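Working notes, structure below.
As structure tokens, this is what we get:
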């Protein structure tokens, strides 16, 4: 009988049987909790990888996006130098 407990396989089987007998009702809850923890860790690692990156890519050249050195007229505001009386500019009119 003393040789039975010297084998690592026998000890492993006994531990598995004891766990199944006494912890069987708690196994689904433990597995669910482990799955939630793994999803949280996975999302946090993904966020850490994307932390330094821009979310929106920069505008491609040739689009309507304002660029440095380019004068862009806003069509919502009338030009103050037209002289039609609708402008609100500070320039002197003669």
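Numbering (UniProt numbering), first residue to last: 1 to 94. Each residue gets a CB set at the ideal place from its N, CA and C atoms; glycine is no exception. Only a predicted model underlies this, so the values are computations on that prediction, with no experimental measurement involved.
Check	Outcome
Residue range of the unbroken alpha helix (DSSP H) whose run includes residue 17	8–23
Start-to-end residues for the alpha helix (DSSP H) that takes in residue 50	27–50
Cβ shell of residue 16 (< 6 Å), same chain only, five flanking positions each side left out	none
Simplified DSSP state of residue 94, which is helix, strand or coil	Any reading at residue 94 must be qualified, since the residue scores a pLDDT of 49, below 50, and its modelled position is unreliable; the value itself is stated next. In this structure, residue 94 counts as coil in the three-state DSSP scheme.
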